[in-house]
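These notes are about the structure you will find just below.
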Amino acid sequence: MQLTTQLSTRRRPLAVGLLALLALTACGTEPADGPGSGPRSAPAGDSGSVQPAQSLTGVRWSVDSMTVGGRRTDAPTGAYVEIDAKGRASGSYGCNRFTAQARLDGHILTVEPGTTTQMGCEPAIQRFESLLAGAFSGKLTATVKNRTLTLTTAEGDTIALTARRPVPLAGTDWRVTTLATGSSASSVPSGTQDKARIAFGRDGTVHGTLGCNTFRGTAEVSGSTIAFGPLTTTRKTCPDPDMRLERAVRAVLDGTRTTFGIDQRTLTLTTEDGTKGLGASAADGNG
Numbered sequence: 003m004q005l006t007t008q009l010s011t012r013r014r015p016l017a018v019g020l021l022a023l024l025a026l027t028a029c030g031t032e033p034a035d036g037p038g039s040g041p042r043s044a045p046a047g048d049s050g051s052v053q054p055a056q057s058l059t060g061v062r063w064s065v066d067s068m069t070v071g072g073r074r075t076d077a078p079t080g081a082y083v084e085i086d087a088k089g090r091a092s093g094s095y096g097c098n099r100f101t102a103q104a105r106l107d108g109h110i111l112t113v114e115p116g117t118t119t120q121m122g123c124e125p126a127i128q129r130f131e132s133l134l135a136g137a138f139s140g141k142l143t144a145t146v147k148n149r150t151l152t153l154t155t156a157e158g159d160t161i162a163l164t165a166r167r168p169v170p171l172a173g174t175d176w177r178v179t180t181l182a183t184g185s186s187a188s189s190v191p192s193g194t195q196d197k198a199r200i201a202f203g204r205d206g207t208v209h210g211t212l213g214c215n216t217f218r219g220t221a222e223v224s225g226s227t228i229a230f231g232p233l234t235t236t237r238k239t240c241p242d243p244d245m246r247l248e249r250a251v252r253a254v255l256d257g258t259r260t261t262f263g264i265d266q267r268t269l270t271l272t273t274e275d276g277t278k279g280l281g282a283s284a285a286d287g288n289g
């Protein structure tokens, strides 16, 4: 059953198809240093002192956790916030993407009502999204120290974030978070978070887990395309949610030609005919 995420009614839903959804998470391409390069330099604010709030712009901030009403909740993989110098906030609540206008005045960040996608999300992620969407709005006090950012609401609730470096295709532990078919996209099935993982080698190989079984194969990268060879896998049988995830991931990776894009720490893969795709986030240990 596909769940539709219900977010703040102040935000207008975006009607987006498969290609548009994947474009939202694949705005960039491979970092200029190439698929085998290491992480780029750290963002401003590594000196250990409290930094000016302006240093929060132009950085990919991964959401670590939220504390609402004294209760701390860890963020799902892939939740992040970016604020550019032109006053545009964008990111992911953990499943759905959002954009909004934001204004920085000293240490006060004001986030206006914006827009969000409406993908189907796993219930626990849906609950976190509702919390984050509610807290990341209105006037927030921003405190930047080292590579951490804390946003505090007028009620005293907090969002804890950490600056993350962009990552390359090869050498990164990619965790599948989103599946797309036709004109719809959804989070991975309930209970399968972090079960599908992909790792590209610098020698043209690929390996990981499909959701149940492990796999190995070849992945020839050329420009923005990847030609996958047939996959060699184990042959275990797992519960239905794991197998549904496995079938969806395998349809994108097994002997297919795909278009890929990397935006900071988010990877998207779309089959050549545009009918299937997936989104993945870099594990926190990368960058």
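Start counting the sequence shown at 3; every next residue gets the next number (my numbering). Where a beta carbon is used, it is the ideal one built from N, C-alpha and C, also for glycine.
- When only Cα atoms are considered, Arg218 and Thr117 end up about 39 Å apart.
- Proximity of the segment 136-156 to the segment 247-260 falls short of the contact definition, fewer than three beta-carbon pairs being nearer than 8 Å.
- Nearest to Thr101 by C-alpha distance, out of Gly108, Asp107, His109, Ser92, is Ser92.
- Taken in chain order, the unbroken stretches of beta strand (DSSP E) that lie wholly in the segment 126-151 and span 3 residues or more are 140-147.
- Just so you know, the alpha carbons of Asp265 and Asp175 end up roughly 15 Å apart.
- Burial is judged here by how many other beta carbons sit within 10 angstroms of a residue's own beta carbon; Asp244 has at least 16 and is buried.
- The distance from the Cβ of Thr164 to that of Thr150 is about 6 Å, consistent with a contact at the 8 Å cut-off.
- The three-state secondary structure of Leu171, taken from DSSP, is coil.
- Assignment of Leu255 by DSSP, reduced to helix, strand and coil, places it in the helix class.
- The distance from the Cβ of Arg99 to that of Pro168 is about 18 Å, inconsistent with a contact at the 8 Å cut-off.
- Short of 7 Å from the beta carbon of Gly279, and not among the five residues preceding or following it, lie these beta carbons of its own chain, in chain order: Leu20, Leu24, Ala182, Val254, Thr270, Leu271, Thr272, Thr273.
- Sequence-distant Cβ neighbours of Gly140 in its own chain, meaning closer than 6 Å and more than five residues away, do not exist here.
- The secondary-structure analysis by DSSP pairs Glu222 across a beta bridge with Ala229.
- In this structure, the CA atom of Leu111 is about 29 Å from the CA atom of Ala282.
- DSSP links Met245 through a beta bridge to no other residue.
- The Cβ atoms of Leu247 and Val190 sit closer than 7 Å to each other.
- If you draw a straight line from the Cα of Cys240 to the Cα of Cys214, it comes to about 6 Å.
- From the listed residues Thr75, Asp76, Tyr82, Gly72, the smallest Cα separation to Gly60 is found for Tyr82.
- A Cβ-Cβ separation of about 15 Å leaves Thr194 out of contact with Thr216 under the 8 Å criterion.
- The C-beta separation of Thr227 from Thr261 comes to about 6 Å, placing the pair in contact by the 8 Å criterion.
- A Cβ-Cβ contact shorter than 7 Å links Ala137 with Asp159.
- Here the alpha carbon of Phe230 sits roughly 16 Å from the alpha carbon of Thr277.
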